[in-house]
Each structure stands twice: as structure tokens, then as C-alpha cells.
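Take a look at the structure set out below.
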Amino acid sequence: MQHRSVNDVMTREVVTARPGTPFKEIAALFHRNDITAIPVLDDQDRPLGVVSEADLIRKAAVLPDPEGHYPGRWLDAADRARAEAETAGGLMTSPAVTARAGWTVAEAARAMDKHRVKRLAVVDEAGRLVGIVSRRDLLQVFLRHDAAVREEIAHDILDRTLGLAPDAVRVTVTDGVVALTGRLPRRSLIPVAERLCRAVDGVVAVHRTLDWTEDDTDPRLEHPRAYRAAT
-6 MQHRSVNDVM TREVVTARPG TPFKEIAALF HRNDITAIPV LDDQDRPLGV
44 VSEADLIRKA AVLPDPEGHY PGRWLDAADR ARAEAETAGG LMTSPAVTAR
94 AGWTVAEAAR AMDKHRVKRL AVVDEAGRLV GIVSRRDLLQ VFLRHDAAVR
144 EEIAHDILDR TLGLAPDAVR VTVTDGVVAL TGRLPRRSLI PVAERLCRAV
194 DGVVAVHRTL DWTEDDTDPR LEHPRAYRAA T
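Residue -6 is where the sequence shown starts when you use our numbering, and the numbers rise one by one after that.
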């Protein structure tokens, strides 16, 4: 099975900032490049943090209204310091959450979910920036054609991995939803087949209607003498 990696979907030409990049220059970079966040790099091109639109809008949120009233929600000391910052070093969220180019899409998605971020800075072995990957980039795997998903399941999983006869299981894929129908030689293969199918790039869900010839999950088959003695 071939899985798309971060290297396949990441953006390589990355707009970046340095800790001393001014607030207004960051806002201009967002506007000119139609982006919503940029990594902040040190002098070795290693990510220190990320500045997003949310970090910039915090400054507007703490400004007084035209009548001179301050906002009702008071920020804690750390957020207020970031709201009052003038350069990327003070505005950024740090440390930067990073990924490696060789990670699978699933690994990158888990990192985003765990850290509750929308993008990951991609770094090499020395920690230097080589790209950036966003949620939208990771979702590209779900644009894969149903026919390609079906071919991979039928050929790589059912045939090559599980060694099933060509007519043992019927596979259909509709909008990324896989349906498996047929009979497997052993009951224990059913969860294995389902797990392998779920891991295929582009699969949204797996529905199965599978029967089996031998129930090798029955504990009586493992210790037949002990079972007979107990009964």
C-alpha cells in the first residue's frame, strides 16, 4: 500500500517572517499573498513560532471603541503582551508545531488535531523549514477517484496482502465509502480486512457484509480438551 506523505501535499514556497518583522509588514504579507499565517524563523531558518490572523486581530480587539470604552473582556498578562506587541517575535504563537516531510497524511492530521492547529511547519533533519502543510493540503487525499481506491483495495489488500481468491469479496466504492461483500476463509480476517481498507488514502468509511468459512475466533478451538472437561 502506498500512502501519500506530507512531502506530496505540502507547499514548498513559504512566505516567512523574522522575529523583528513589524506588525504592518505581516498584515501586508497576508494581503499580498492571500494567506492567513506565516512561520517565524530564526537566523538558521528554524521555525520559532507562527503568526496568524488571530494573533493580529487580537490587537484590534483590545482597542477602545469610538467613545473611549475598553472591551469588557480583559486579557490575561500573556495575551495582553501579545496584543500590544509590535513585531512577529512578540505576536507569534510558540513554539511552532512541526512535521517531517516523510510523515503520512494521517500522522500529520493527528498532530494537527492533538495540538489544535490549522497548519504545520515542515522541517528537515536539522530543524530547518522546508515547507508548510495545512488542513486543506491534507484533505487532498479525499479527492482521489473511487476507481483508484477500489483498484488498490482489490489488488493490494485482498489479493496481495490477504491472498484471497478474486471472487471471494466484492468491492464497491462510492464517494469514498467502501462496501465489502462476500466470504472470507477465516472469521479473524474480517477486522483485518476492514482495518487495512480504512488505511487506504481516500477512504471515508468502510461498510462490510462479510461471512466466513471457519470461525477461528471461537475459544473452544484453542483449548478443545479443557472445554470438553469443563462441560
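Note that beta-carbon positions come from the ideal geometry of N, C-alpha and C, so glycine has one too.
Pick from HIS(-4), LYS111 and ARG5: whose alpha carbon is nearest that of ALA30?
-> LYS111
Report yes if the C-beta distance between ALA92 and VAL115 is below 7 Å; otherwise report no.
-> yes
Answer with buried or exposed for THR174, where buried requires no fewer than 16 other C-beta atoms within 10 angstroms of its C-beta.
-> exposed
Given 8 Å, three or more beta-carbon pairs between the segment 75 to 82 and the segment 136 to 149 = no
Return yes when the Cβ of ALA20 is within less than 7 Å of the Cβ of ALA81, no when it is not.
-> no
Starting from the C-beta of ALA222, find all residues in its chain whose C-beta is less than 6 Å away, skip the five residues before and the five after it, and write them out in chain order.
-> Any reading at ALA222 needs caution, since the residue's pLDDT is 42, under 50, leaving its predicted position unreliable; the model's value is listed next. So the list is empty, once near-sequence residues are dropped.
Which term fits VAL196, buried or exposed, when burial requires 16 or more other beta carbons within 10 angstroms of its beta carbon?
-> buried
To which residues of the same chain is THR224 closer than 6 Å at the C-beta, ignoring the five residues directly before and after it?
-> Here the model assigns THR224 a pLDDT of 39, short of 50, so the residue's position is not dependable, and the following value carries that caveat. For THR224, where only same-chain residues beyond five positions count, there are no Cβ hits under 6 Å.
Let me know the alpha helix (DSSP H) ranges lying completely inside the segment 66 to 105, each 4 residues or longer, listed in chain order.
-> 70 to 76 and 81 to 84
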